[in-house]
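Under full-length UniProt numbering, the sequence shown has 209 at position 209, and the numbering climbs by one with no breaks. Glycine is no exception: its CB is placed at the ideal position from the N, C-alpha and C atoms.
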Amino acid sequence: MSATELNYAQVPTQLTFDDSVFPCIVVNNNNASTVEEAVAFIRAHKSELAKKLRSSGAVLFRGFPVDSAETFDTFSAGFDYDNFTYQESLSNAVRINFTERVFTANEAPKDVEIYLHHEMAQTPISPSKLFFFCKSAAEEGGATPLCRSDKLFSALKQFDSQLADDFEQKGLKYTTYMPAADDATSGQGRSWKSTLSVENKDEAHSKLTELGYEWEWLEDGSLKAITPVLPAVVTLENGVQVFYNQLIAAYMGWKGVRENPSVAITFGDGSAIPKQGLEKIVELSKDYTFDLAWQDGDVALVDNEMAMHGRRPFTGERKRQVLVALTAVNA
């Protein structure tokens, strides 16, 4: 493959904005036949790909020789980003590791929709970028929706400038419940021991104090944890504002939140977020969302600040398997 050649593709459902298409799609065209050649190609184009990622929010690599957790590990490592392991994260989704840097996207049942969110935005520690690899696509459904959060926040400001300002100025607090043991039937089923990387309650108390959480132990051994104030809006180094949070996922997917949002999400000062505002955010997000219909071997690199992601439900006997690798904040 020529070091000067980047082959782009278009699909009918791509979103077009003034400054970019979403997502950007890079195709191999059979020029890189091994993962080592693919890594050499990536490294030759790192600067241009980084610019495309920042302007678009997501880059899809299609047709490259990636067919296993190991080759995905090699391909994603070729970008030379610092690794962000799942073990060190505070995510409460159940995952299964394949290599140190590669794990399953989510072990929630296939009929469960995972709604739009920024990865781990409901925690004080979140990754900078996300790699997704489709090892095997579902027979039907199973797309990964991607939403441009800068465009969503701009639309929210136009619709309700006061609500947008409240999110920016007040931030958010999240209340989560961590079970006593891993529950693979839930999208939020990671135990408090696993989530906090601790062995007992004393260690949990130390970790929670260090991170600024408030907490309460429940009778069934589970842990109710309330975050410190976290941002709802982030301003990037180029001045672009993004709607960086877990509001849609929490409102649409967390138990009991649609009935009473304050059980899980409030403004940073503890005041309630208006339900009609949350409904409007969900509605607005649809205009800026692209459904990535996976093909086997696809790799998507997502800027976790610029774009939200989720998972559509799926059906069929073929196992949908999408693997993930994360990069650290300074990547």
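* To do: Could you check if S2 is buried or exposed, using at least 16 other CB atoms within 10 Å of its CB as the buried criterion?
  => Since pLDDT at S2 reaches only 45, below the 50 mark, its modelled position is unreliable, and the value read off the structure follows with that caveat. By the neighbour-count criterion, in which a residue is buried when 16 or more other Cβ atoms sit within 10 angstroms of its Cβ, S2 is exposed.
* Collapsed DSSP secondary structure at residue 332 in the structure displayed -> The question about residue 332 has no answer, for the chain in this structure spans 1 to 331.
* Asked: Tell me, which residues are paired with G221 by DSSP?
  -> Per the DSSP secondary-structure output, G221 pairs with nothing in a beta bridge.
* Separation of R320 from I265, as counted between CA atoms -> The straight-line gap separating the alpha-carbon atoms of I265 and R320 is approximately 31 angstroms.
* To do: Give me the Cα-Cα distance between W217 and A180, rounded to the nearest whole angstrom.
  => If you take the alpha carbons of W217 and A180, they lie about 10 angstroms apart.
* To do: Quick one: grab the DSSP three-state call for V229.
  => Reduced to three states, the DSSP call for V229 is coil.
* Asked: Taking A58 as the reference, which of T315, V324, M308 and R318 has the closest Cα?
  -> Considering only alpha carbons, the answer is M308.
* Quick one: what does DSSP say G141 is sitting in, helix, strand or coil? -> G141: strand per DSSP, three-state reduction.
* Going by CA-CA distance only, name the one from E5, S20, E70 and A143 that's closest to A293. => Comparing Cα positions, the closest option is A143.
* In angstroms, rounded to a whole number, what distance separates the CA positions of F17 and R148? -> Rounded to whole angstroms, F17 to R148 spans 10 angstroms at the Cα level.
* **Rounded C-alpha distance that separates A232 from A155** => Looking at the two C-alpha atoms, the distance is approximately 15 angstroms.
* Sub-8 angstroms separation of V39 and G63 beta-carbons -> In this structure, G63 does not lie closer than 8 angstroms to V39 by Cβ.
* Neighbourhood of E199 by C-beta distance below 8 angstroms, restricted to the same chain and skipping five residues each side -> Sequence-distant Cβ neighbours of E199 in its own chain, meaning closer than 8 angstroms and more than five residues away, are K193.
* Asked: Hey, quick one: how far does the beta strand (DSSP E) through Q309 stretch, first residue to last?
  -> The residue asked about is misnamed: residue 309 is His in this sequence, not Gln. It spans A307 to R311 - the beta strand (DSSP E) in which H309 sits, taken as one unbroken run.
* **K286 - containing beta strand (DSSP E), residue span** => Taken as a continuous stretch (DSSP letters only), K286 belongs to no beta strand (DSSP E), as it is neither H nor E.
* Tell me whether G310 is buried or exposed, calling it buried when 16 or more other Cβ atoms sit within 10 Å of its Cβ. => Under this definition G310 is a buried residue.
* Let me know if V324 comes out buried or exposed under the rule of 16 or more other beta-carbons within 10 Å of its beta-carbon. => By the neighbour-count definition (other C-beta atoms within 10 Å, threshold 16), V324 is a buried residue.
* Find the nearest neighbour of L208 within the set D220, A225 and G221, judged by alpha-carbon distance. => Of D220, A225 and G221, the smallest CA-CA separation from L208 is found for A225.
* Exposed or buried, which one is F22 when buried takes at least 16 other CB atoms within 10 Å? -> Using a 10 angstroms sphere on the CB of F22, the tally of other CB atoms reaches 16 or more, which defines it as buried.
* To do: Identify the continuous alpha helix (DSSP H) that holds Q162 and give its terminal residues.
  => Secondary structure note for Q162: its alpha helix (DSSP H) is the uninterrupted segment S161 to K170.
* Where do the N-terminal and C-terminal ends of the alpha helix (DSSP H) with R54 fall, by residue? -> Here the alpha helix (DSSP H) through R54 covers K46 to S56.
* Asked: Is the number of C-beta pairs between the segment 233-252 and the segment 261-277 that are closer than 8 angstroms three or more?
  -> Yes, they touch.
* Asked: How many whole angstroms separate the CB atoms of C134 and V322, which I take to be in contact at a CB cut-off of 8 angstroms?
  -> In this structure C134 is in contact with V322, their Cβ atoms being roughly 5 angstroms apart against a cut-off of 8 angstroms.
* Three or more C-beta pairs below 8 angstroms linking the segment 296-304 and the segment 156-171 -> No, because fewer than three Cβ pairs between the segment 296-304 and the segment 156-171 fall closer than 8 angstroms, the two stretches do not touch.
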